[in-house]
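Reviewing the structure listed below.
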Amino acid sequence: MTDPIIRTHNLCKSFGPVSVLKNISLDIQPGEVLGILGENGAGKSTLLKLISGVYTPTSGTIEIQGEAFKQLDPILSRHKGIAMIPQEFNLVPTLKVYENVFLGQERRRRGLLDKATMRAETARVLKSLKVTLNPDATISELSVAEKQMVEVARVLVNDARVVILDEPTTVLTDREVTVLFDVVRAMQARGVAVLFISHKLKEVKNLCQRLLILRDGEQVDLCDVADVNEDDMARKMVGRELSQTFPEKQDHPTSVALELKNLNIPGLVRDVSLKLHHGQVLGLSGLVGSGRTEIAEALMGLRRHTKEKLVINGKEPVIRSPSDAHAAGLAYLSEDRQGKGLVMNFSLTENITLLSLRKYTAGLISRSRERRQAREFQSKLAIKAASLETPVGLLSGGNQQKVYLAKLLDIDPDILILDEPTRGIDVNTKREIYYLIRGLAEQGKAVIVISSELEEIIGLCDPVLVVREGRIAAQLTGDQINEEDIMLYAAGARETAAGTTEQQGITP
Amino acid sequence: MNQARLAGARLSDRLRSSGLDFSILAPLIALVVLLVISSLASEYFLDLRNLTNIARQVSYTGIIAIGVTFVIIAAGIDLSVGSMVALVGVVLVYIINQFADPVQGVIIGLAMAVLSGALFGLVNGALVTWGRITPFIATLATMSIYRSLALYFSDAGEMVSTNSLFPEIGGGYLLGLPIPVWTFLIIAVLAHILLAHTAFGRHLCAVGSNAQVARYSGIRVQRIILTTFVIAGACVGISSIMLASRLNSISPSDAGVFYELDAIAAVVIGGTALSGGRGSIWGTVLGALILGVINNMLNMLGVSPYLQGLVKGGVILVAVLMQYKQSR
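In order, the protein sequence lines correspond to chains A and B.
Under our numbering, the residue at position 383 of the first sequence is numbered 364, and the numbers go up by one with no gaps.
Under our numbering, the residue at position 6 of the second sequence is numbered 182, and the numbers go up by one with no gaps.
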């Protein structure tokens, strides 16, 4: 074994009292592909941010090519040859491939841009990756996969020794994944170490030599991929007791609230059917980008789609816009609270009544009635804010989320679709929201929860639909709902097992 | 220290919940300062006739600025309002002159002026919503088109009204105030109610602040944007009536020139952000008054008319810089 490029020693990171990464001791060899596995919140991205210098370690050291650092910064880390390819690309869409490759590090000759050299070098790097891509193509004309290649080329002209790929395949088709893997192997052949983060166990198994598994910030295992199978991986990732943050499931499903048959969104969702009962919390699980959100947006009339049938409370409403959906009794909490959920410069009151404004309007808006209702929600949901007139942009994420929920509840919807209802909020508020959701189901409302957090799906939902690549991969109920099974279906390691009720409604 | 901050926060909350608009405080203070300076600088400034004159002058662009406020709150812009003044004026005088009966002529002419203004606004709005052209470009194009049409239909000559009643509108008084000033005030009150107290106004702010959130909230974003342009057009129609009737004629080459800039300036000085999402009609009214007082003062002090644009530009910059500082 040669000397490692990177070696970490008892690396720890905590934010205030919360410890998110504990004692990671790791070595990365040149020319190896190291897979990093873990659930959301397991500490993967924290580890990457420590290595790429975004975060400063609380304790422990990072050694790069024998040189020990107590702390790094992004520029130093980059200078030492560590490069990260983020999920959201940082490319200028109006510029050409070679211009992006050399953005910020342009080659010059006598003060002017040396375009010929930059073009040639870009072509050379792309060729070494066996990618056919014109250096003069404009970024905006490229596919997602091609943009990814440009990002790779960019770090390679920078002489990167370690390349971090953060869930690179979620946005790619199967064929593009094959190309990416070839590129990774080509980098490997150049002696570059690759850190590969993915939720897809099969890919990890195919591509990586070694595997680091994280769980709750701790290093569960560092092993050769050859020694473990996909079931082992899933088990090691999730082997943890569910904490008591969840209210007891007491499903008393009654009448059918919503029945959807064969929903199709071209290129995204295929033949999705589901049946939702009053009193139920139905979970939509699956990887990011699997089509969960798109299903919800189609139901709300926000996306073009075709379907065989949609029955809501015995009626077949025509839903072409969110206001049609609201009228039919649906309400949708978007995963993008700031971009699609709340008006940040509006006050609590104005946000809470935005969907239901008609209730308070007889020609003119009755401010006092609005405020009374907002105050009621504030005390019911324990929203912490200086006043009801405070712009919601000044509130914490958890309190914003409560305002968002209040906004939906104010139209008294019969069916709630909650997309990542606890994203980016603290544990305590999460718990409050879980109890709120359970309470809504007990009131007889029908709830769909879309979540990437398995713990949440398992603690809260029954039944659970696992979505993979735009299809329902499995429908799980009762004891079938466990992290291992969900993960295996979501990652595609297991096809729908015999005996599962497939595509049909779940009998209560 | 902490207590003082707490008290400050409580005070600002109370001010906010009292319904009093915070943002118009700055332009209000600016106007008062300007009035004091002007009355000290010239003994004729506080003369009733001078003040009436300023109010009348301000009302033409002020009415337009109120309409433009709606467009800007929706994060749009309307550059065509100046040209629209001329085109509506041409339509108006042409129609009025078709009727022998002065009363009939005035009634139909006025109605048609407002309607045609709204129609031209609808064209702007349609280009922006259905045509998906950015407001700046769409209204830059119609600015050129409307001016050109006005010149063509009038053969580039001044059109004089032959209606005996018509000049009474712009030149007339009611309870000591010129009719254009009354019109300005009434429109301001109505616009304020529409913006601050109706569902439309609330939805408009949501659209301007974040169109995506508005869409997800079931608000018909395109219809709201379209409506703002129609409102701006109707306001232009009314302003054009006031202007043409005051002069008893319309000059298609001069009428409304640079009104779009004055209107936008009034909106900005009044504290409405060009990025949209929030705004105040009273701020716009104050902004228009500030511009009017500055103009008047410079005239009375004998400052070269060529330098007046410089002062106006300076005031706009100061207003925007102050808002920028505040928002940080």
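Glycine included, C-beta positions come from ideal geometry on N, C-alpha and C.
Original post:
Of the residues A/212, A/-11, A/317, which one's Cα is nearest the Cα of residue 405 of chain A?
Top reply: Counting from 1 along the first sequence, the entry for residue 405 of chain A is found at position 424. Residue 405 of chain A has its Cα closest to that of A/317, out of A/212, A/-11, A/317.
Subject >> Inside the segment 23 to 99 of chain A only - alpha helix (DSSP H) runs reaching at least 4 residues >> reply: Within the segment 23 to 99 of chain A, complete alpha helix (DSSP H) segments of at least 4 residues are found at 25 to 32, 55 to 60, 78 to 82, given in chain order.
Subject >> the segment 288 to 304 of chain B in contact with the segment 251 to 271 of chain B per 3-pair CB rule at 8 Å >> reply: Between the segment 288 to 304 of chain B and the segment 251 to 271 of chain B there are three or more C-beta pairs closer than 8 Å, enough to call the two in contact.
Original post:
Along chain B, in chain order, which residues have C-beta atoms closer than 8 Å to that of residue 307 of chain A?
Top reply: The count along the first sequence starts at 1 and reaches residue 307 of chain A at position 326. 394, listed in chain order.
Original post:
What are the start and end residues of the beta strand (DSSP E) that includes residue -13 of chain A?
Top reply: Reading the first sequence from its first residue, position 6 is the one you call residue -13 of chain A. Per DSSP, residue -13 of chain A belongs to the beta strand (DSSP E) from -13 to -4.
Original post:
What residue from A/393, A/200, A/184 has the CA that sits closest to residue 306 of chain A's CA?
Top reply: Against the first sequence, residue 306 of chain A aligns to sequence position 325. Nearest option by C-alpha distance: A/393.
Original post:
Looking at C-beta atoms only, is the number of pairs between the segment 209 to 219 of chain B and the segment 366 to 385 of chain B that lie closer than 8 Å three or more?
Top reply: Touching, no.
Subject >> Top-ranked residue by Cα proximity to residue 48 of chain A, from A/459, A/320, A/197, A/-13 >> reply: Indexing the first sequence from 1 puts residue 48 of chain A at position 67. Ranked by Cα distance from residue 48 of chain A, the options A/459, A/320, A/197, A/-13 are led by A/-13.
**OP:** Would you tell me roughly how many angstroms separate the C-alpha atoms of residue 346 of chain B and residue 431 of chain B, rounded to the nearest one?
**Re:** One-based indexing of the second sequence puts residue 346 of chain B at position 170. One-based indexing of the second sequence puts residue 431 of chain B at position 255. Distance between the alpha carbons of residue 346 of chain B and residue 431 of chain B: 15 Å.
Original post:
Between residue 201 of chain A and the rest of its own chain, which residues show a CB-CB distance below 6 Å, the 5 nearest in sequence each way excluded?
Top reply: Mapped onto the first sequence, residue 201 of chain A falls at position 220. These residues qualify, in order along the chain: 194, 217.
Original post:
Under the three-state reduction of DSSP, which class applies to residue 255 of chain B: helix, strand or coil?
Top reply: If you number the second sequence from 1, residue 255 of chain B lands on position 79. Residue 255 of chain B: coil per DSSP, three-state reduction.
Original post:
Is it a yes or a no for the segment 111 to 120 of chain A touching the segment 36 to 48 of chain A, going by three-plus beta-carbon pairs under 8 Å?
Top reply: Because the criterion of three Cβ pairs below 8 Å is not met, the segment 111 to 120 of chain A and the segment 36 to 48 of chain A do not touch.
Original post:
What is the DSSP secondary structure of residue 471 of chain A, reduced to helix, strand or coil?
Top reply: Within the first sequence, the letter at position 490 stands for residue 471 of chain A. Of the three classes helix, strand and coil, the one that applies to residue 471 of chain A here is helix, per DSSP.
Original post:
Listing by chain order, which chain A residues have their CB less than 7 Å from the CB of residue 454 of chain B?
Top reply: Position 278 of the second sequence, counted from the first residue, corresponds to residue 454 of chain B. What residue 454 of chain B touches in chain A: 326.
Subject >> Identified DSSP bridge partners for residue 8 of chain A >> reply: Reading the first sequence from its first residue, position 27 is the one you call residue 8 of chain A. Assignment of beta-bridge partners to residue 8 of chain A by DSSP yields A/-12.
Original post:
Would DSSP call residue 106 of chain A helix, strand or coil?
Top reply: Position 125 of the first sequence, counted from the start, is the residue given in the question as residue 106 of chain A. Residue state, collapsed to three classes: helix.
**OP:** Please state whether DSSP places residue 366 of chain A in a helix, a strand or coil.
**Re:** Locating residue 366 of chain A in the first sequence gives position 385, where the first residue counts as 1. In the structure shown, residue 366 of chain A sits in coil (DSSP, three-state: anything other than H, G, I, E or B).
**OP:** State the beta-bridge partners of residue 276 of chain A as determined by DSSP.
**Re:** The residue labelled residue 276 of chain A in the question sits at position 295 within the first sequence. Residue 276 of chain A is bridged by DSSP to nothing; it lacks a bridge partner.
Original post:
DSSP beta-bridge partners for residue 258 of chain A?
Top reply: Mapped onto the first sequence, residue 258 of chain A falls at position 277. Answer by DSSP bridge pairing, in chain order: A/237.
Original post:
Mapping DSSP to helix, strand and coil, what is residue 435 of chain B?
Top reply: What you label residue 435 of chain B is simply residue 259 of the second sequence in a count that begins at 1. DSSP places residue 435 of chain B within a helical segment (H, G or I) once states are collapsed to three.
Original post:
Given residue 298 of chain A, which residues of its chain have a CB within under 6 Å of its CB, disregarding the five upstream and five downstream residues?
Top reply: The count along the first sequence starts at 1 and reaches residue 298 of chain A at position 317. Result list for residue 298 of chain A: 309, in chain order.
**OP:** Give the straight-line distance between the Cα atoms of residue 381 of chain B and residue 387 of chain B, rounded to the nearest whole angstrom.
**Re:** For the purposes of this step, residue 381 of chain B is taken as the residue at position 205 of the second sequence. For the purposes of this step, residue 387 of chain B is taken as the residue at position 211 of the second sequence. Straight-line Cα distance between these residues: approximately 9 Å.
Original post:
If you draw a straight line from the C-alpha of residue 169 of chain A to the C-alpha of residue 176 of chain A, how long is it?
Top reply: For the purposes of this step, residue 169 of chain A is taken as residue 188 along the first sequence, with counting starting at 1. For the purposes of this step, residue 176 of chain A is taken as residue 195 along the first sequence, with counting starting at 1. Linking residue 169 of chain A to residue 176 of chain A through their CA atoms gives a straight-line distance of about 11 Å.
Subject >> Residue of B/283, B/260, B/261 minimising C-alpha distance to residue 271 of chain B >> reply: Taking the second sequence and counting its residues from 1, the one referred to as residue 271 of chain B is at position 95. For residue 271 of chain B, the nearest C-alpha among the options comes from B/283.
**OP:** Would you mind telling me which residues of chain A sit closer than 7 Å to residue 388 of chain B, beta carbon to beta carbon, in chain order?
**Re:** Residue 388 of chain B sits at position 212 when you count from the first residue of the second sequence. Chain A residues near residue 388 of chain B: 320, 321.
Original post:
Quick one: is residue 352 of chain B buried, meaning 16 or more other Cβ sit within 10 Å of its Cβ, or exposed?
Top reply: Counted from its first residue, the second sequence places residue 352 of chain B at position 176. Sixteen is the threshold: since fewer than 16 other Cβ atoms of the shown chains lie within 10 Å of the Cβ of residue 352 of chain B, the residue is exposed.
**OP:** Rounded to whole angstroms, what's the CA-CA distance from residue 6 of chain A to residue 191 of chain A? Just pull it up for me.
**Re:** Locating residue 6 of chain A in the first sequence gives position 25, counting from the first residue. Locating residue 191 of chain A in the first sequence gives position 210, counting from the first residue. In this model, residue 6 of chain A and residue 191 of chain A are separated by some 14 Å (Cα to Cα).
Original post:
By how many angstroms is the C-alpha of residue 250 of chain A removed from the C-alpha of residue 389 of chain B?
Top reply: Counted from its first residue, the second sequence places residue 389 of chain B at position 213. Counted from its first residue, the first sequence places residue 250 of chain A at position 269. Distance between the alpha carbons of residue 389 of chain B and residue 250 of chain A is about 24 Å.
Original post:
Helix, strand or coil for residue 147 of chain A per DSSP?
Top reply: Reading the first sequence from its first residue, position 166 is the one you call residue 147 of chain A. Residue state, collapsed to three classes: strand.
**OP:** Mind listing the chain A neighbours of residue 375 of chain B? Cutoff is C-beta to C-beta under 8 Å, in chain order.
**Re:** One-based indexing of the second sequence puts residue 375 of chain B at position 199. Within chain A, the residues near residue 375 of chain B are 338, 339, 342, 346.
Original post:
Do we get a CB-CB distance below 8 Å when we pair residue 355 of chain B with the residues of chain A?
Top reply: On the second sequence, residue 355 of chain B is found 179 positions in, with the first residue counted as 1. At a cut-off of 8 Å between beta-carbon atoms, residue 355 of chain B makes no contact with chain A.
Original post:
With 8 Å set as the bound, which would you pick, yes or no: does the beta-carbon of residue 11 of chain A sit closer than that to a beta-carbon of chain B?
Top reply: In the first sequence, the residue the question calls residue 11 of chain A occupies position 30. Closer than 8 Å: no.
Original post:
Out of curiosity, what's the CA-to-CA distance linking residue 229 of chain B and residue 276 of chain B?
Top reply: In the second sequence, the residue the question calls residue 229 of chain B occupies position 53. In the second sequence, the residue the question calls residue 276 of chain B occupies position 100. Roughly 32 Å separates the two Cα atoms.
Original post:
Which of helix, strand or coil does DSSP assign to residue 264 of chain A?
Top reply: Residue mapping note: residue 264 of chain A aligns to position 283 of the first sequence, counting from 1. Strand, per DSSP.
**OP:** Report yes or no: is there a C-beta of chain A within less than 8 Å of the C-beta of residue 202 of chain B?
**Re:** Position 26 of the second sequence, counting from 1, holds the residue named residue 202 of chain B. Taking Cβ atoms only, chain A never reaches closer than 8 Å to residue 202 of chain B, which makes this a no.
Original post:
Cβ of residue 452 of chain B within 8 Å of Cβ of residue 250 of chain B?
Top reply: To locate residue 452 of chain B, count along the second sequence from 1; it is residue 276. To locate residue 250 of chain B, count along the second sequence from 1; it is residue 74. Closer than 8 Å, so yes.
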